[in-house]
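A short worksheet on the structure shown next.
Numbering (the working numbering), first residue to last: 913 to 1084.
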């Protein structure tokens, strides 16, 4: 799996790329992504990606027809405005979401997000990425929602495995 940052300066391809990512997120977000977050992503411009606290990452895997999208993560204003993650069902339970969130945290230095208390997979992803619950609120649909934040000094620099170690071997 490869995690990379997306950016583009040409408006034509950019709009098509964002539309494709939004479609992926709607299809694989299990109706758990906030309308507000999707709206922020829909209006995202290349120049906004240069703003502090804004990042758009994709996880891709090598397939028979080239690289295929496995997951998407978008953060705006360090997660205060938007924090979205969607992973294709084939790549869930393989730490794809956790890898995206960890990469966002490492890239941005700090991160926060809101997750419905009944969304156990997303909570697990956030906890595994190093976020901690700091408060309980009521979300946009009235559900109990946890506010999760990175703790000071929680950004870790992962140890790269050596060639031949089990983490280097392809899981496919």
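Every residue, glycine too, gets a C-beta built ideally from N, C-alpha and C.
Starting from residue i, trace the beta strand (DSSP E) in both directions and tell me its first and last residue.
i, result
"residue 959", "Note, residue 959: premise wrong, no beta strand (DSSP E); not H, not E."
"residue 1059", "1056-1062"
"residue 968", "967-975"
"residue 1090", "Any answer about residue 1090 is impossible in this case: the structure gives the chain only from 913 up to 1084."
"residue 1028", "1024-1028"
"residue 1002", "Segment: none, residue 1002 is in no beta strand (DSSP E) and carries neither H nor E."
"residue 914", "914-917"
Identify, in the order they occur along the chain, each residue of the same chain with its Cβ nearer than 6 Å to the Cβ of residue i, setting aside the five sequence neighbours on each side.
i, result
"residue 1068", "Residue confidence for residue 1068 is low, a pLDDT of 49 falling below 50, so the modelled location carries little weight and cannot support an answer."
"residue 1015", "915 and 969"
"residue 931", "none"
Which two residues bound the contiguous alpha helix (DSSP H) that contains residue i?
i, result
"residue 991", "That residue, residue 991, is in no alpha helix (DSSP H); it is neither H nor E in DSSP."
"residue 1015", "1008-1020"
"residue 1035", "1032-1040"
Taking residue i as the reference, give the member of the options with the closest Cα.
i, options, result
"residue 1009", "986, 992, 993 and 990", "986"
"residue 933", "997, 1050 and 914", "997"
"residue 1107", "930, 966 and 1011", "Here the chain has residues from 913 to 1084 only, and residue 1107 is not among them."
"residue 995", "949, 917 and 1033", "949"
Check the Cβ-Cβ distances between residue i and every residue of chain C, and say whether any is below 8 Å.
i, result
"residue 1062", "The displayed structure is made up of one protein chain only, and chain C is not part of it."
Once you ignore the five residues that flank residue i on each side, which residues in its own chain have a CB closer than 7 Å to its CB?
i, result
"residue 871", "Residue 871 lies beyond the stretch modelled for the chain, which goes from 913 to 1084, so this question has no answer here."
"residue 980", "972 and 973"
"residue 1072", "Because the pLDDT at residue 1072 is just 34, under 50, the model does not fix this residue reliably, and the value given afterwards should be weighed accordingly. Nothing meets the Cβ criterion."
"residue 1017", "1023, 1041, 1042, 1062 and 1067"
"residue 999", "940, 982, 983, 1008 and 1009"
"residue 924", "none"
"residue 1081", "With a pLDDT of 32 at residue 1081, under the threshold of 50, the predicted position of this residue should be treated as unreliable, though the coordinate-derived value follows. There are no such residues."
"residue 1084", "At residue 1084, the pLDDT of 30 sits below 50, so the modelled position is not reliable and the matter cannot be decided from this model."
"residue 960", "966"
"residue 1049", "1057 and 1059"
I believe residue i touches residue j by the beta-carbon criterion, under 8 Å. Please report the beta-carbon distance rounded to the nearest angstrom.
i, j, result
"residue 1013", "residue 1045", "Incorrect: roughly 14 Å between the Cβ atoms, too far for contact."
Below 8 Å CB to CB, which residues in the same chain sit around residue i once its five sequence neighbours on both sides are set aside?
i, result
"residue 1037", "997, 1009, 1010 and 1013"
task: Pair every Cβ in the region 949-960 with every Cβ in the region 1006-1022, then say whether three or more of these pairs are closer than 8 Å.
output: no
message: Would you call the region 1025-1033 in contact with the region 1056-1064, where contact means no fewer than 3 C-beta pairs closer than 8 Å?
response: yes
task: Please determine if the region 998-1013 and the region 968-987 are in contact, where contact requires at least 3 C-beta pairs separated by less than 8 Å.
output: yes
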